[in-house]
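**Student:** I'd like to ask you about the structure that follows.
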Amino acid sequence: MRNPKGKLEICWSSEIIASNVDLLTEILLWAPAKSLLKFKCVSKRWHSLISDPKFCISHACFQRMLNRTADALMLSNGYKSTPEFHLVPLKHSTKVPFFDYFNVSEVKIIHSCNGLLLCCCKLMLDKPKFVKTTQMKNDGLCEFRYFVCNPTTKEFKILSPPKPTYLSLSLAFDPLISPYYKVVCICKGSSSKEEFQIDVYSSETESWSLLPILFKMPLGMTYSNGVFLDGSVHWYSYAETSLYFHIDSQSVKKMPMPFMFSWEGLDWDIMYFGESRGHMHLVLTKNRSSLEFDVFEMEFEYTGWSFSYHVNLHPMRLMFPELTWNFMNKHAVFSVLSVIQGEKDEEKKVVIFVDGRAMSYNLCDGTSIKICDLEPRPRRLEIARVPWHYEGCQAHPYFQSLVSV
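126 is the number of the first residue of the sequence shown in my numbering; add one for each residue after it.
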């Protein structure tokens, strides 16, 4: 026999929660962003609450502290001919975001930051338009357009063009610091070819601001792979020092590189430079064919890089004999997609791409597991080094978010 009293108590409790906005808000903060999008259909009250920009920022801040590990890695290496990107799931329920709502055929992910993506697309022009962001393609003209999007909510905003002399763009967003995002652009200085400037786009003002400071880049600085951490965008180099840009103080500062770069920086291959759970990592090797590499971590207040792990992938090769390691090309033997900092040190791992698979290697116990298979990517050139075409691929962390762009 059913208990009608118990059913009435459950209904009564649900009504109490639904009528108490503060209590309902506290409960909804725990739900993932994709679930909240479905919860909007529950009632007009829920739709209004979940759509409130203040709630969206509060949810982003709460989730930022609760789930600091990315849901997945989105792979980007050149412009895709379809609106779907390959994705390496780091959590079981992650699905591939589609970009068909952009209404363009070719999209490239430039940078990702705490749930938002900075993207670029190519638009074919019917009439000649000779601007710096235009280039020839297939006997026609195409123009680059940059935009920031939220792949969870499918919202996006087209940015006004940066300076014609721009070199790179990086996205900077942390809901714990500000509800607004910024795009940091390195561009050439007007007075000298060796001097550079910073141009900053703010979503608060919806405009660019060219800073008056001039700076020079260290030897071999790679300005296209910026890493945002602690309110700064960082770039690596093959010299003794590199640079980072502190957004609040609007200043360019020096950042040390590992000690051996002072005399043999060009002898090392930087396989990965990125951030996870507030830790900045650098992966180095002298020879990928050796299947060995070293993992470094930036110390507190930029005092230097500390050596963390030496990795030997030969046990992975023995454990998965079906994998083919392309030793014919030392640059395409394998790629390091990401270093994932777990909640505990024993959960720290490296995500590796080899022979069409994404593999996880535990840095503490040396165990390896398969994450997923990746479909071969279409070649842009007939001289592509390997059919998978993921070597040197940028893996962009993907977080669920409700933040509006």
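Yeah, the Cβ is synthetic: ideal placement off N, Cα and C, and Gly gets one too.
(1) Across which residues does DSSP place V461 in a beta bridge pair?
(2) How about Y523 and L243: do their beta carbons lie closer than 9 Å?
(3) Are the beta-carbon atoms of S201 and K247 separated by less than 9 Å?
(4) Taking 6 Å as the limit between beta carbons, can you name the residues of its chain near T290, skipping five residues before and five after?
(5) Where DSSP assigns a beta bridge to G399, which residues make up the other side?
(6) Does the beta-carbon of K169 have 16 or more other beta-carbons within 10 angstroms, so that it is buried, or is it exposed?
(7) Who does K495 pair with in a DSSP beta bridge?
(8) Under three-state DSSP, which class holds D394?
(9) Within the same chain, show all residues whose beta-carbon is closer than 6 Å to that of N487, passing over the 5 residues directly before and after it, in chain order.
(10) Any idea if E468 is buried or exposed, counting beta-carbon neighbours within 10 angstroms, 16 or more meaning buried?
(11) From the DSSP output, in three-state form, read off H521 for me.
(12) Could you name each continuous alpha helix (DSSP H) segment of 4 residues or more that falls completely within the region 332-361, going from the start of the chain to the end?
(13) Which of helix, strand or coil does DSSP assign to K282?
(14) Would you call the region 183-193 and the region 300-309 in contact, with 3 or more CB pairs under 8 Å?
(15) From which residue to which residue does the alpha helix (DSSP H) around C489 run?
(16) Within the same chain, show all residues whose beta-carbon is closer than 8 Å to that of G351, passing over the 5 residues directly before and after it, in chain order.
(17) Starting from the C-beta of F210, find all residues in its chain whose C-beta is less than 6 Å away, skip the five residues before and the five after it, and write them out in chain order.
(18) Apart from the five residues on each side of it in sequence, which residues of its chain come closer than 6 Å, Cβ to Cβ, to V436?
(19) Roughly how many angstroms separate the alpha carbons of L339 and E365, rounded to a whole number?
(20) DSSP puts N275 in a beta bridge; with which residues?
(21) At the 9 Å Cβ level, is H236 part of the contact set with chain B, yes or no?
(22) Count the other C-beta atoms from every protein chain shown that fall within 10 angstroms of the C-beta of I323, then say buried if there are 16 or more, exposed otherwise.
(23) Helix, strand or coil for P381, going by three-state DSSP, please let me know.
(24) Rounded to whole angstroms, what is the Cα-Cα separation between M190 and N239?
(25) Evaluate Q375 with the Cβ neighbour count: other Cβ atoms within 10 Å of its Cβ, from every protein chain shown; 16 or more gives buried, anything less gives exposed.
(26) Start and end of the alpha helix (DSSP H) containing E151?
(27) Do S327 and S334 have their C-beta atoms closer together than 9 Å?
(28) Could you pull out every residue in the same chain whose Cβ sits closer than 8 Å to the Cβ of M396, ignoring the five residues on either side in sequence?
(29) Less than 9 Å between the beta carbons of G399 and S463, yes or no?
(30) Would you mind giving the Cβ-Cβ distance between P555 and S315, rounded to the nearest angstrom? I have them listed as a contact below 8 Å.
(31) Would you give the residue range spanned by the alpha helix (DSSP H) that H184 belongs to?
(32) Suppose the cutoff is 7 Å on Cβ atoms and the five residues either side in sequence are ignored; what does the same chain contact list for S433 look like?
(33) On the three-state DSSP scale, how would you describe I306?
(34) Using a Cβ-Cβ cutoff of less than 7 Å, which residues in the same chain neighbour D498 once the five nearest sequence positions on both sides are dropped?
(35) Assign W450 to one of three DSSP states: helix, strand, or coil.
**Tutor:** In brief:
(1) Position 336 of the sequence shown, counted from the start, is the residue given in the question as residue 461. Per DSSP, I477.
(2) Here residue 523 corresponds to residue number 398 of the sequence shown, with the count starting at 1. Here residue 243 corresponds to residue number 118 of the sequence shown, with the count starting at 1. Cβ distance not < 9 Å, so Y523 and L243 don't count as in contact.
(3) Within the sequence shown, the letter at position 76 stands for residue 201. Within the sequence shown, the letter at position 122 stands for residue 247. No; because the gap between Cβ atoms is not below 9 Å, this pair is not in contact.
(4) Residue numbering aside, residue 290 sits at position 165 when the sequence shown is read from its first letter. If we look at T290 and ignore the five residues flanking it on each side, its Cβ neighbours are C312 and K313.
(5) Within the sequence shown, numbered from 1, the residue matching residue 399 stands at position 274. Answer is H406.
(6) One-based indexing of the sequence shown puts residue 169 at position 44. So K169 counts as exposed.
(7) Looking up residue 495 in the sequence shown gives position 370. K495 is bridged to M484.
(8) Your numbering for residue 394 matches position 269 in the sequence shown. DSSP places D394 in strand when its eight states are reduced to three.
(9) By one-based count along the sequence shown, residue 487 stands at place 362. K474, listed in sequence order.
(10) Within the sequence shown, residue 468 is the residue found at index 343, counting from 1. Answer is exposed; the Cβ neighbour count stays below 16.
(11) Position 396 of the sequence shown, counting from 1, holds the residue named residue 521. If DSSP states are grouped into helix, strand and coil, H521 belongs with the strands.
(12) none
(13) Sequence index remark: in the sequence shown, residue 282 carries index 157 (1-based). Reduced to three states, the DSSP call for K282 is strand.
(14) yes
(15) Within the sequence shown, residue 489 is the residue found at index 364, counting from 1. No alpha helix (DSSP H) holds C489; DSSP gives it neither H nor E.
(16) Residue mapping note: residue 351 aligns to position 226 of the sequence shown, counting from 1. Only H236, S293, S295, V309, V358, H359 and W360 meet the Cβ criterion.
(17) Start at 1 with the first residue of the sequence shown, and residue 210 comes out as number 85. M199, listed in sequence order.
(18) The residue labelled residue 436 in the question sits at position 311 within the sequence shown. Excluding positions up to five away in sequence, the list reads F418.
(19) Residue mapping note: residue 339 aligns to position 214 of the sequence shown, counting from 1. Residue mapping note: residue 365 aligns to position 240 of the sequence shown, counting from 1. Between L339 and E365, the C-alpha separation is close to 20 Å.
(20) As a first step, residue 275 must be located in the sequence shown, where it is residue number 150. In DSSP, N275 forms a bridge with E280.
(21) The structure shown contains no chain B; it holds only a single protein chain.
(22) Taking the sequence shown and counting its residues from 1, the one referred to as residue 323 is at position 198. Answer is buried; the Cβ neighbour count reaches 16.
(23) Along the sequence shown, one-based indexing puts residue 381 at 256. In this structure, P381 counts as strand in the three-state DSSP scheme.
(24) Taking the sequence shown and counting its residues from 1, one reaches residue 190 at position 65. Taking the sequence shown and counting its residues from 1, one reaches residue 239 at position 114. If I take the Cα positions, the gap works out to 11 Å.
(25) Locating residue 375 in the sequence shown gives position 250, where the first residue counts as 1. The residue is exposed, with fewer than 16 neighbouring Cβ atoms inside 10 Å.
(26) Stepping through the sequence shown from its first residue, residue 151 is reached at position 26. Here the alpha helix (DSSP H) through E151 covers V146 to L153.
(27) The residue labelled residue 327 in the question sits at position 202 within the sequence shown. The residue labelled residue 334 in the question sits at position 209 within the sequence shown. Cβ atoms of S327 and S334: closer than 9 Å.
(28) Position 271 of the sequence shown, counted from the first residue, corresponds to residue 396. Answer for M396: V408, L409, T410, R413, F418, S460 and V461, listed in chain order.
(29) If you number the sequence shown from 1, residue 399 lands on position 274. If you number the sequence shown from 1, residue 463 lands on position 338. Result yes, Cβ atoms of G399 and S463 sit closer than 9 Å.
(30) Outside the shown range of the chain, which is 126 to 530, sits residue 555, and nothing can be said about it.
(31) Here residue 184 refers to the residue found at position 59 when the sequence shown is read from its first residue. First-last of the alpha helix (DSSP H) with H184: P178 to L191.
(32) Along the sequence shown, read from residue 1 onward, the residue named residue 433 stands at position 308. Excluding residues within five positions, the ones whose Cβ falls inside 7 Å are V420, F421 and E422.
(33) Stepping through the sequence shown from its first residue, residue 306 is reached at position 181. Checking the sequence shown, residue 306 turns out to be Tyr, not Ile. In the structure shown, Y306 sits in coil (DSSP, three-state: anything other than H, G, I, E or B).
(34) Counting from one through the sequence shown, the residue named residue 498 turns up at place 373. These residues qualify, in order along the chain: G481 and R482.
(35) For this step, residue 450 is matched to residue 325 along the sequence shown. Coil at W450, not helix or strand.
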